[in-house]
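J.:
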Amino acid sequence: KNEVEQSPQNLTAQEGEFITINCSYSVGISALHWLQQHPGGGIVSLFMLSSGKKKHGRLIATINIQEKHSSLHITASHPRDSAVYICAVSTSGTYKYIFGTGTRLKVLA
Amino acid sequence: GAGVSQSPRYKVAKRGQDVALRCDPISGHVSLFWYQQALGQGPEFLTYFQNEAQLDKSGLPSDRFFAERPEGSVSTLKIQRTQQEDSAVYLCASSLMALAAVPGAQYFGPGTRLLVL
Chain E
1 KNEVEQSPQN LTAQEGEFIT INCSYSVGIS ALHWLQQHPG GGIVSLFMLS SGKKKHGRLI
61 ATINIQEKHS SLHITASHPR DSAVYICAVS TSGTYKYIFG TGTRLKVLA
Chain U
1001 GAGVSQSPRY KVAKRGQDVA LRCDPISGHV SLFWYQQALG QGPEFLTYFQ NEAQLDKSGL
1061 PSDRFFAERP EGSVSTLKIQ RTQQEDSAVY LCASSLMALA AVPGAQYFGP GTRLLVL
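Quick mapping for you: the protein sequence lines, in order, are chains E and U. Start counting the first sequence at 1; every next residue gets the next number (our numbering). Start counting the second sequence at 1001; every next residue gets the next number (our numbering).
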C-alpha cells in the first residue's frame, strides 16, 4: 500500500464544473503539498498545508490531520486547468517529499 | 529567469552509455533534491544536498547513479552504463530551507526526459 494515495486517478469534467481531488496518507507529516504538473512541463507548487484550509483564486485546499486526508477543489473549472495534480507529503522530521501517483484532470470546453 | 533550470531537456542514450544531467537551482537555495519520475507515476526521491554536502543518497537505485554539487550551487546527476529501466523524467528541485525539521516549499525544474534505447 502506498504511503500517499490519491483518487481519482483520472478525471474528465465539463467546463464550469466543481472538481474535487482527494489525498490520503498513512505517515506522520509535517506538511502536505498540492502540486500541478502540465504535460512536458515542470511541477508547480499550489499549496503547502499543515492545518485547516487555504484558498488561491479558484483553488481551495483543505486538510484534516486527524483523518489524514486532504482535498483539492477547483471551482468553475476551465480547460486550462487540465493537468496532473499531485499530492505530496513532507514526513515528520525529514525534508523528503513522498508523492502520490497523481490525478490526471481533463476539462472539456 | 529566477526559476530552477535543467539541461538537457531531452536525452536519448544507447544502452551502456554514460549520461550527465545538470540542475541549476534558484540562487541562494540551500537544499537541492533529485527525483526520478517513471511514466504515469509520481516522482520518487533519489538524493538530497544541503549546500555541497550530500546528506541523503538513499533513493539512488544503484551504484551506477552518482550525484554531486561541488560548490553548493549547480548539481549534476550522472548515470553510468545506462539501462532501459533508467528511462524516466529526472526532476531537480531546490528549497531555501536547510533545516530538516522545517518543511519548506520545493521549487521544481522542468525535468530532463531520458530515454535509453
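Yeah, the Cβ is synthetic: ideal placement off N, Cα and C, and Gly gets one too. These figures come from a predicted structure and were not determined experimentally.
Hey, is U:P1110's beta-carbon within less than 8 Å of any beta-carbon in chain E?
T.: The sequence position of residue 1110 of chain U within the second sequence is 110, counting from 1. Yes, U:P1110 lies at the interface with chain E (some Cβ there is under 8 Å from its Cβ).
J.: Kindly provide the ranges of any beta strand (DSSP E) runs that are 3 or more residues long and lie completely inside the segment 1024 to 1105 of chain U, ordered along the chain.
T.: The DSSP assignment places complete beta strand (DSSP E) segments of no fewer than 3 residues inside the segment 1024 to 1105 of chain U at 1031 to 1037, 1044 to 1050, 1053 to 1056, 1065 to 1068, 1075 to 1079, 1088 to 1095, in order along the chain.
J.: Check whether chain E comes within 8 Å of U:P1008, counting only Cβ atoms and requiring the distance to be less than that.
T.: As a working mapping, residue 1008 of chain U is identified with position 8 in the second sequence. Chain E contact via Cβ: absent.
J.: Label U:D1086 either buried or exposed according to how many other C-beta atoms from any shown protein chain fall within 10 Å of its C-beta, with 16 as the threshold for buried.
T.: Numbered from its first residue, the second sequence carries residue 1086 of chain U at position 86. Classification of U:D1086: buried, given that the 10 Å Cβ count is 16 or more.
J.: Over what stretch of residues does the beta strand (DSSP E) that includes E:V4 continue unbroken?
T.: Stepping through the first sequence from its first residue, residue 4 of chain E is reached at position 4. 4 to 7 is the span of the beta strand (DSSP E), which, as asked, contains E:V4.
J.: List the whole-angstrom C-beta distance separating U:H1029 from U:S1095, where the pair is believed to meet the contact cut-off of C-beta under 8 Å.
T.: By 1-based counting over the second sequence, the position of residue 1029 of chain U is 29. By 1-based counting over the second sequence, the position of residue 1095 of chain U is 95. The Cβ separation is near 6 Å, so the contact holds.
J.: Closer than 7 Å, Cβ to any Cβ of chain U: which residues of the segment 29 to 46 of chain E, in chain order?
T.: Result list: S30, A31, G41, G42, I43, S45.
J.: What do you get for E:A61, buried or exposed, if any count of 16 or more other CB atoms within 10 angstroms of its CB means buried?
T.: In the first sequence, residue 61 of chain E corresponds to position 61, counting from 1. Looking at its Cβ environment, which holds 16 or more other Cβ atoms inside 10 Å, E:A61 is buried.
J.: So which residues of chain E does U:Y1107 contact, with C-beta pairs closer than 8 Å?
T.: Numbered from 1 along the second sequence, position 107 holds the residue referred to as residue 1107 of chain U. Near U:Y1107 (Cβ distances below 8 Å), the residues of chain E are S45.
J.: Could you check the C-alpha separation between U:P1068 and U:Q1054 for me, to the nearest Å?
T.: As a working note, residue 1068 of chain U is residue 68 in the second sequence. As a working note, residue 1054 of chain U is residue 54 in the second sequence. Per the sequence shown, the amino acid found at residue 1068 of chain U is Glu instead of Pro. Looking at the two C-alpha atoms, the distance is approximately 7 Å.
J.: Just to confirm, is the Cβ distance from U:F1049 to U:S1027 under 8 Å?
T.: Residue mapping note: residue 1049 of chain U aligns to position 49 of the second sequence, counting from 1. Residue mapping note: residue 1027 of chain U aligns to position 27 of the second sequence, counting from 1. Contact flag unset, no.
J.: Check each residue of the segment 84 to 106 of chain E: if its Cβ is closer than 7 Å to any Cβ of chain B, include it; give the result in chain order.
T.: Considering every chain present, this structure includes no chain B. Its protein chains are E and U.
J.: Would you say U:Y1048 lies against chain E (beta-carbon separation less than 8 Å)?
T.: Walking along the second sequence from the start, residue 1048 of chain U turns up at place 48. True, the Cβ-Cβ gap to chain E drops below 8 Å.
J.: For E:R104, write down the residues that DSSP places opposite it in a beta bridge.
T.: Position 104 of the first sequence, counted from the start, is the residue given in the question as residue 104 of chain E. Answer is E:N10, E:V84, bridged to E:R104.
J.: Closer than 8 Å is the cut-off here; do at least three beta carbon pairs connect the segment 3 to 10 of chain E with the segment 42 to 54 of chain E?
T.: no
J.: Report buried or exposed for U:Q1037, applying the criterion of at least 16 other Cβ atoms within 10 angstroms of its Cβ.
T.: Walking along the second sequence from the start, residue 1037 of chain U turns up at place 37. U:Q1037 comes out buried.
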